[in-house]
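Structure first, then comments.
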Amino acid sequence: MYAEDLSAPLCALYLVGLSIPWQFGLSDYLLRRALLPHIDAVRQYSVDIPADLLSGFAWTYWSQGRFEEAERLEIELVEARKRVLGKDHPNTLASIEGLVLTYRSQGRFEEAERLGIEVVEARKQVLSKDHPDTLRSISGLSKTYWSQGRFEEAERLGIELVEARKRVLGKDHPDTLASIEGLVLTYRSQGRFEEAERLGIEVVEARKQVLSKDYPDTLHSISGLSMTYRKQGHFEKAERLGIELVEASKRMLGKDHPDTLDSIEGLVLTYRSQGRFEEAERLGIEVVEARKQVLSKDHPDTLRSISGLSKTYWSQGRFEEAERLGIQLVEARKRVLGKDHPDTLASIEGLVLTYGSQGRFEEAERLGIEVVEARKQVLGKDHPDTLDSIEGLVLTYQSQGRFEEAERLGIEVVEARKQVLSKDHPDTLRSISGLSMTYRKQGHFEKAERLGIELVEASKRMLGKDHPDTLDSIEGLVLTYRSQGRFEEAERLGIEVVEARKQVLSKDHPDTLCSISGLSKTYWSQGRFEEAERLGIQLVEARKRVLGKDHPDTLASIEGLVLTYGSQGRFEEAERLGIEVVEARKQVLGKDHPDTLDSIQGLMLTCQSQGHFKEAERLGIEVVEARKRVLGKDHPDTLASIEGLVLTYGSQGRFKEAERLGIEVVEARKQVLSKDHPDTLASIEGLVLTYRSQGRFEEAERLGIEVVEARKQVLSKDHPDTLRSISGLSKTYWSQGRFEEAERLGIELVEARKRVLGKDHPDTLTSIANLALIYQSQGHFEEAERLGIELVEARKQVLGEDHVDTHATPQNLATTSDTELQSTRRTVNRLSRWSTLIKARMSRFLIFAKILRKD
17 MYAEDLSAPL CALYLVGLSI PWQFGLSDYL LRRALLPHID AVRQYSVDIP ADLLSGFAWT
77 YWSQGRFEEA ERLEIELVEA RKRVLGKDHP NTLASIEGLV LTYRSQGRFE EAERLGIEVV
137 EARKQVLSKD HPDTLRSISG LSKTYWSQGR FEEAERLGIE LVEARKRVLG KDHPDTLASI
197 EGLVLTYRSQ GRFEEAERLG IEVVEARKQV LSKDYPDTLH SISGLSMTYR KQGHFEKAER
257 LGIELVEASK RMLGKDHPDT LDSIEGLVLT YRSQGRFEEA ERLGIEVVEA RKQVLSKDHP
317 DTLRSISGLS KTYWSQGRFE EAERLGIQLV EARKRVLGKD HPDTLASIEG LVLTYGSQGR
377 FEEAERLGIE VVEARKQVLG KDHPDTLDSI EGLVLTYQSQ GRFEEAERLG IEVVEARKQV
437 LSKDHPDTLR SISGLSMTYR KQGHFEKAER LGIELVEASK RMLGKDHPDT LDSIEGLVLT
497 YRSQGRFEEA ERLGIEVVEA RKQVLSKDHP DTLCSISGLS KTYWSQGRFE EAERLGIQLV
557 EARKRVLGKD HPDTLASIEG LVLTYGSQGR FEEAERLGIE VVEARKQVLG KDHPDTLDSI
617 QGLMLTCQSQ GHFKEAERLG IEVVEARKRV LGKDHPDTLA SIEGLVLTYG SQGRFKEAER
677 LGIEVVEARK QVLSKDHPDT LASIEGLVLT YRSQGRFEEA ERLGIEVVEA RKQVLSKDHP
737 DTLRSISGLS KTYWSQGRFE EAERLGIELV EARKRVLGKD HPDTLTSIAN LALIYQSQGH
797 FEEAERLGIE LVEARKQVLG EDHVDTHATP QNLATTSDTE LQSTRRTVNR LSRWSTLIKA
857 RMSRFLIFAK ILRKD
């Protein structure tokens, strides 16, 4: 009777188990997904599940991202095989390797490593150290080390594997060449591109000779070599190989074969890296349509291609199209894979990025939290993907000015990664870099510096002093030093990075050119405009030669030169180059692309600096209208454009119009961001300036006090933005003739800036100059003279004998007429606006860089 009672469940068990497909097509995937509830049901019966069925059930759970259930079954399978076959039986060891893969997928690297070593040792003892199965286990252990960022150990095993397979199988055996390709990946991860290139060429040539130039494995090797060239910034070589690969795949496999379409997507990446977005888009659409026709509209490969096309639209600033595809992708993956599948959640993250780029932070935050919670539930709170999601949320909070929340989450991620991976794992170091950025944005420069130094030392120790990530970490420290006005240290490290990248990559590699750009900014920040110009011209020429005259990075370099010329008062040259950039961006990116509109706004500032107010106004209105149309009336970039128009009206004395727009921006930012967001407070400060210019000192004072108090509460009493607000309030008191109050705030400001930024920081010196002016206004000439001498000596030391500010100081202190004050105000406003434009562009760049790293 007992047997009869279980006959039906046993029958169901075998029917379900034998129905599991082991292939990777969409129909196989969908069948496995459909079988899941049946597997859940038959597992409830009190029957022993045979080992082969257990293996199939575990595989099904793993393929659907249900790692905990896969792990449970695999442990059961391992125990059963140990009991029946013995702990060293090949099938037992194969089961343990399945468990290793599951642990690796969960980010549980210590357990994966422990079991991986156990399998290697057992196979060495039972089979031999050179047996193919032993070597395959060593390969798996190398992957585990690589996943942990332990590249030296991965390299050691990789070399051991290559040598063993050469000895046992021969230098041209497929497994030997596959091992060499694994070593290529390790070298690429270490930034050792020359070695990766050398081995990559070796594999391609061997496969051409042994197999044929058009054999699938040969084409796969060519694809890897093309990627190495792309990582080196050798885009012409990458493109040449990419085209060769596409043609060979079409010829051998057919134009619609999955591998052919993969090769076209590789070419898309190369074109996108070169800023050739039209070609990238055309090929991307071609791949999507082919996959829809050959596979289906919902096949995972089709959806991956749609994701790539969405990225191309996003790179062009076509956010509506990127959003449309992003929503389509999320819905399809929910339907095909399930709402909690890793690929579905990755699609939602893409949508988070698009919403963030559109300034729709509430929607970005809502989806970001949704992804974090889903990954915590499915993968665990400490899984690498979960922690990546939390870091995405950190970026959203940073964009909203919610620095305390960003800091809290950033610390949480760093601690989790230290515990799960190690304190020196590349992902841990990346999280420390993000936390350092949060501290920098908060003005907590000491904390940012401490983390930055820790990051540099760890990167040098783990990756090597010349690894790209190490050099990136040094550049982060450069930013911190520059923010503190420690220009000598920033310059020394900047030069060090440039020289290292020239030696390791090449003088024309995109990363080298980025470092040269950073060094140019350091010179510009010191007022060393001739050196900044020299590097700027060098940068433009190099990018024209390497990337093309219309590449986004080339045009960004020309904009940097526009800034340098504008700072030198060479407005005709600045205007000529500015027009060149605008026209090029209109042609390459489109008239409404964010970068095009940034260029037009830059041109507006140049016109304004020359007193061409009508032209500046026309350009300003054009940018505002375009941004309202493309991004929406409340997008941060739209509001920034309106602020530019406020300054244009203020410069013309059209204070009512400036006030009306200023109030509009403040109200919009309060609604979209919050009343205490840094951008909202900056808008209120703009309104303070408008009121002060009209002599409406009571309103200026009220708003000025409001901003100071808000910044003390949100940021800190010593944050640079708080101190700038105190400086503005001091000016308001001075304008009213309330010299004692102005003096009190002026002294407070000088002391705070000395303490936070250093006695020689440009902002500290500006505060001293303002305090000297206050003393002069009170008739305290001895104190004014003492400060003036202190100021001249400091500027000689920091800026040099010949710097314009060094020579201007005594004259300005001797007599400051209303005309001079207006000129100074215009200069400060102009430099401030240029700086704001650069910060906006850098924020977009940092987010994009993060996405490119994932690609």
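All residue numbers for the sequence shown refer to my numbering, where the first residue is 17 and numbers rise by one.
Note that beta-carbon positions come from the ideal geometry of N, C-alpha and C, so glycine has one too.
Using the Cβ count rule (16 or more neighbours within 10 Å means buried), how would you classify leucine 479? As a working note, residue 479 is residue 463 in the sequence shown. Classification of leucine 479: buried, given that the 10 Å Cβ count is 16 or more.
I think lysine 770 touches threonine 780, with their Cβ atoms under 8 angstroms apart; what is that distance to the nearest whole Å? Stepping through the sequence shown from its first residue, residue 770 is reached at position 754. Stepping through the sequence shown from its first residue, residue 780 is reached at position 764. Right, their Cβ atoms sit about 6 angstroms apart.
Which two residues bound the contiguous alpha helix (DSSP H) that contains lysine 182? Position 166 of the sequence shown, counted from the first residue, corresponds to residue 182. Per DSSP, lysine 182 belongs to the alpha helix (DSSP H) from 167-184.
With 16 other CB atoms within 10 Å as the buried threshold, where does aspartate 317 fall? The residue you call residue 317 lines up with position 301 of the sequence shown. The residue is buried, with at least 16 neighbouring Cβ atoms inside 10 Å.
Under the rule that 16 or more other beta-carbon atoms within 10 Å means buried, what is phenylalanine 797, buried or exposed? Taking the sequence shown and counting its residues from 1, one reaches residue 797 at position 781. Counting Cβ neighbours within 10 Å, phenylalanine 797 comes out exposed, since fewer than 16 surround it.
Taking only three categories from DSSP, how would you classify histidine 54? On the sequence shown, position 38 is the one that residue 54 refers to. Histidine 54: helix per DSSP, three-state reduction.
Within its chain, find whatever has a CB closer than 6 angstroms to the CB of glutamine 794; leave out the 5 residues flanking it on each side and keep chain order. The residue you call residue 794 lines up with position 778 of the sequence shown. Around glutamine 794: Phe755.
Could you tell me if serine 746 is buried or exposed, where buried requires 16 or more neighbouring beta carbons within 10 angstroms of its beta carbon? Taking the first residue of the sequence shown as 1, we reach residue 746 at position 730. Burial call: buried.
When you compare each of Thr244, Arg208, Thr202 and Ile637 to isoleucine 217 by their alpha carbons, which one comes out closest? By 1-based counting over the sequence shown, the position of residue 217 is 201. When only C-alpha atoms are compared, the closest one is Thr244.
Just to confirm my understanding: we take valine 766, look at its own chain, exclude 5 residues before and 5 after, and list those with CB closer than 8 angstroms. What are they? As a position in the sequence shown, residue 766 is number 750, starting the count at 1. Taken in chain order, the residues that qualify are Thr780, Ser783, Ile784 and Leu787.
How big is the Cα-Cα spacing for proline 274 and leucine 319? Within the sequence shown, the letter at position 258 stands for residue 274. Within the sequence shown, the letter at position 303 stands for residue 319. Going from the Cα of proline 274 to the Cα of leucine 319 covers about 13 angstroms.
Just confirm the distance between the C-beta atoms of serine 158 and leucine 143, as a whole number of angstroms; I'd bet it's less than 8 angstroms. What you label residue 158 is simply residue 142 of the sequence shown in a count that begins at 1. What you label residue 143 is simply residue 127 of the sequence shown in a count that begins at 1. The pair is not a contact, with the Cβ atoms about 18 angstroms apart (cut-off 8 angstroms).
Check leucine 29 in the structure and name its three-state DSSP category. As a working note, residue 29 is residue 13 in the sequence shown. Leucine 29 falls in the helix class under three-state DSSP.
Given alanine 422, which residues of its chain have a CB within under 6 angstroms of its CB, disregarding the five upstream and five downstream residues? The residue you call residue 422 lines up with position 406 of the sequence shown. Once the five neighbours on either side are set aside, the close Cβ partners of alanine 422 are Val410, Tyr413, Gln414 and Thr454.
Taking the alpha carbon of threonine 696 as the point to measure from, which residue in Val730, Tyr665 and Leu509 has its own alpha carbon closest? Indexing the sequence shown from 1 puts residue 696 at position 680. Of Val730, Tyr665 and Leu509, the residue nearest in Cα terms is Val730.
List, from N- to C-terminal side, the beta strand (DSSP E) runs of 3 residues or more that fit wholly inside the region 751-813. none
Within 10 angstroms of the Cβ of glutamate 659, are there 16 or more other Cβ atoms? Answer buried if so, exposed if not. The residue given as residue 659 occupies position 643 in the sequence shown. Glutamate 659 should be labelled buried.
What residue from Glu365, Glu379 and Met268 has the CA that sits closest to aspartate 401's CA? On the sequence shown, residue 401 is found 385 positions in, with the first residue counted as 1. Ranking the options by Cα distance to aspartate 401, first place goes to Glu365.
Would you kindly check if the distance between the Cβ of leucine 241 and the Cβ of leucine 872 is under 8 angstroms? Examination of residue 872 is not possible in this model, given that the chain is present from 17 through 871 alone.
Is the distance from the Cβ of arginine 517 to the Cβ of leucine 487 below 8 angstroms? The residue given as residue 517 occupies position 501 in the sequence shown. The residue given as residue 487 occupies position 471 in the sequence shown. Yes; because the gap between Cβ atoms is below 8 angstroms, this pair is in contact.
Consult DSSP for leucine 847 and reduce its assignment to one of helix, strand or coil. The sequence position of residue 847 within the sequence shown is 831, counting from 1. Only weak support is given to the placement of leucine 847: the predicted model assigns it a pLDDT of 36, under 50, and the value that follows is read from those uncertain coordinates. If DSSP states are grouped into helix, strand and coil, leucine 847 belongs with the helices.
Buried or exposed: where does glutamate 507 fall if 16 or more other Cβ atoms within 10 Å of its Cβ makes it buried? The residue you call residue 507 lines up with position 491 of the sequence shown. That one is buried.
Excluding five sequence neighbours on each side, which residues of the same chain lie with their C-beta closer than 6 angstroms to the C-beta of glutamine 792? The residue labelled residue 792 in the question sits at position 776 within the sequence shown. These residues qualify, in order along the chain: Ala800.
Taking Cβ to Cβ, would you say glutamine 164 is nearer than 8 angstroms to phenylalanine 125? Translated into the one-based positions of the sequence shown, residue 164 becomes position 148. Translated into the one-based positions of the sequence shown, residue 125 becomes position 109. Yes, Cβ-Cβ distance for glutamine 164 and phenylalanine 125 is below 8 angstroms.
In chain order, what residues of the same chain have a beta carbon less than 7 angstroms from the beta carbon of leucine 109, not counting five sequence neighbours either side? On the sequence shown, residue 109 is found 93 positions in, with the first residue counted as 1. These residues qualify, in order along the chain: Val135, Ala138 and Arg139.
If I measure Cβ to Cβ from valine 94 and keep anything under 8 angstroms in the same chain, skipping five residues before and after, which residues do I get? Your numbering for residue 94 matches position 78 in the sequence shown. Once the five neighbours on either side are set aside, the close Cβ partners of valine 94 are Thr108, Ser111, Ile112 and Leu115.
Out of Val723, Asp359, Ser405 and Arg391, point me to the one whose CA is closest to alanine 380's CA. Position 364 of the sequence shown, counting from 1, holds the residue named residue 380. Of the listed residues, the one whose Cα sits closest to alanine 380 is Ser405.
Taking only the alpha-carbon atoms, compute the straight-line gap between serine 35 and threonine 76 and give it to the nearest angstrom. Against the sequence shown, residue 35 aligns to sequence position 19. Against the sequence shown, residue 76 aligns to sequence position 60. Their Cα atoms are separated by approximately 11 angstroms.
Measure how close the beta-carbons of glycine 618 and valine 682 come, nearest whole angstrom, since I'm counting them as under 8 angstroms. In the sequence shown, counting from the first residue as 1, residue 618 sits at position 602. In the sequence shown, counting from the first residue as 1, residue 682 sits at position 666. 24 angstroms between Cβ atoms; not a contact.
At what residue ranges does the region 65-150 contain a whole run of the beta strand (DSSP E), taking only runs of 3 or more? none
Excluding sequence positions up to five away, which residues of its chain have a Cβ less than 7 angstroms from the Cβ of glutamate 491? To locate residue 491, count along the sequence shown from 1; it is residue 475. Closer than 7 angstroms at the Cβ level, and outside the excluded window around glutamate 491, lie Val513, Ser531 and Gly534.
When we look at the beta-carbon of glycine 576 and count the other beta-carbons within 10 Å, is it buried (16 or more) or exposed? Mapped onto the sequence shown, residue 576 falls at position 560. When all chains shown are included, glycine 576 counts as buried.
Per-residue burial, serine 583 [other beta carbons within 10 Å of its own, 16 or more giving buried]: Here residue 583 is taken as the residue at index 567 of the sequence shown, counted from 1. By the 10 Å Cβ count, serine 583 comes out buried.
Relative to the C-alpha of leucine 451, which candidate in Gly762, Gly753, Val430 and Asp443 has its C-alpha closest? In the sequence shown, counting from the first residue as 1, residue 451 sits at position 435. Out of Gly762, Gly753, Val430 and Asp443, Val430 has the C-alpha closest to the C-alpha of leucine 451.
Contacts around glutamate 722, its chain only, beta-carbon distance under 8 angstroms, and the 5 residues preceding and following it disregarded: In the sequence shown, counting from the first residue as 1, residue 722 sits at position 706. Result list for glutamate 722: Ile700, in chain order.
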